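Notes follow once the structure below has been shown.
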Amino acid sequence: MKINFDGDLCLISELEEFDPRDIFTCGQAFRWYEEADGSFTFIAHGKVANAKKVGGEIFLRGVDKASFDEIFYNYFDLSRDYKLVMEELARDEVMKNATEYGKGIRILNQDKFETIISFIISANNQIPRIKNAIEKISEMYGDYLGEDENRKYYSFPSAEKLSLARPEDLREFARVGFRDVRIVETANLIKDGIVNIDEIDKMDLEDARCALQVLPGVGPKVADCILLFAFDRKESFPVDVWIKRVMEELYLKEVTPKSKIALRGREVFGKNAGFANQYLFYYGRENKLGK
DNA sequence: CGCCAGGTGCCAA
DNA sequence: TTGGCACATGGC
1 MKINFDGDLC LISELEEFDP RDIFTCGQAF RWYEEADGSF TFIAHGKVAN AKKVGGEIFL
61 RGVDKASFDE IFYNYFDLSR DYKLVMEELA RDEVMKNATE YGKGIRILNQ DKFETIISFI
121 ISANNQIPRI KNAIEKISEM YGDYLGEDEN RKYYSFPSAE KLSLARPEDL REFARVGFRD
181 VRIVETANLI KDGIVNIDEI DKMDLEDARC ALQVLPGVGP KVADCILLFA FDRKESFPVD
241 VWIKRVMEEL YLKEVTPKSK IALRGREVFG KNAGFANQYL FYYGRENKLG K
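For the first sequence, position 263 (counting from the first letter as 1) is numbered 263 according to the UniProt record's numbering, and the numbering increases by one without interruption.
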């Protein structure tokens, strides 16, 4: 991997395992827009940037050396060797196909509070609608970050800000439905330190899952997503309808309850369970496996 | 119209 | 512990 800077343009080359399309459309993040030129504009940790891969080169606009060092190096998980992860996973035919299909995926290290709220909204919902709800919440309660010819950009609000939101407003304008009260109550519990994010960082996986499930709207699946996408717990294995379908069809060969699938996932893939999960989710959903 | 979508909360066996 | 049902919302 080679990295060069030219003002607010960051150019990364010799890194095969990085494709903005795979990274953003694989389901882990919601705050991104695919542009007409095939690039992806995204908002992360209070910054707006744009990623595009041309030939073998990755162009990151809006990323200067300071913000790269402070935010984006970690956000894109650039310290990790994804070639090695894929090699370790591709021991069987299924994972060989799944990693080949999603070879440009990296698991992002996202904002913790934003990820908690995002996945509370994801419950029994659809991805485009989840994106819209999060965008609207940012517009209503976040800070203005700037604009371009396409749209205006806002940061995701802090727990303090969101704790002051009215559930009726979340329902009426952000269309979050029955998740309205869960969102505000969760914001309050975090704001008041009843659920302490810094403490969760220090816990082992099982304790962390339990601690997160204190939050209303956070069950086993949402807790695992939060841990995987924002707490750097790459060994967690969220089980949603898609992973359930894929695991049943490709590995288990029989209908299996979700709780058992989560255990099997971590058993089979070990420390790489989270990566396996994301490759399988992307592969299964894009190819409509089991549907 | 009824069914379903990256589930969770609640209540009964 | 496990199994059922309701829960907003909107597209098909």
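Beta carbons are placed, not taken as given, at the ideal position from N, Cα and C, and that holds for glycine. Keep in mind that this is a model prediction, so the values were computed, not measured.
- Message: Within 10 Å of its beta-carbon, does A165 have 16 or more other beta-carbons around it, so buried, or fewer, so exposed?
- Response: buried
- Message: Can you give me the C-alpha to C-alpha distance between L169 and F178, rounded to a whole angstrom?
- Response: Note that residue 169 corresponds to Asp in the displayed sequence, not to Leu. Their Cα atoms are separated by approximately 12 Å.
- Which residue's Cα is closest to the Cα of L263: E286, D37, Y75 and V239? V239
- Message: Residues in the same chain with beta-carbon distance under 8 Å from F281, minus the five sequence neighbours each way, listed in chain order, please.
- Response: C26, G27, D240, W242, I243 and V246
- Which of helix, strand or coil DSSP assigns to C26: coil
- Message: Can you check which of these residues, I3, L250 and K112, is closest to R233 by C-alpha distance?
- Response: K112
- Looking at the unbroken beta strand (DSSP E) that takes in D6, where does it start and where does it end? K2 to D6
- Query: If we count the other Cβ atoms within 10 Å of its Cβ and call it buried at 16 or more, is V195 buried or exposed?
  - Reply: buried
- Message: On the CB-based measure, 16 or more other CB atoms within 10 Å of its CB, does E135 come out buried or exposed?
- Response: buried
- Alpha carbon of S79 to alpha carbon of Y73, nearest angstrom: 8 Å
- Burial state of G274, where buried means 16 or more other Cβ atoms lie within 10 Å: buried
- From the DSSP output, read off the bridge partner residues of T41. Y33 and N50
- Item | Any 3 or more C-beta pairs closer than 8 Å across the segment 151-162 and the segment 203-214 | no
- State yes or no: is the C-beta of L89 within less than 9 Å of the C-beta of A276? yes
- Message: What would DSSP say about R182, mapped onto helix, strand or coil?
- Response: helix
- Reference V218; option with closest CA among G284, E254 and S122: S122
- Sort A159, Y251, K2 and A98 by Cα distance to E14 and report the nearest one. K2
- Message: At the level of alpha carbons, what is the spacing between residue 315 and D201?
- Response: Residue 315 is absent from the structure shown; the chain starts at 1 and stops at 291.
- Query: S13 bridges to which residues according to DSSP?
  - Reply: K2
- Query: If you drop the 5 nearest sequence neighbours on each side, which residues of the same chain put their C-beta closer than 8 Å to that of I71?
  - Reply: A44, H45 and K47
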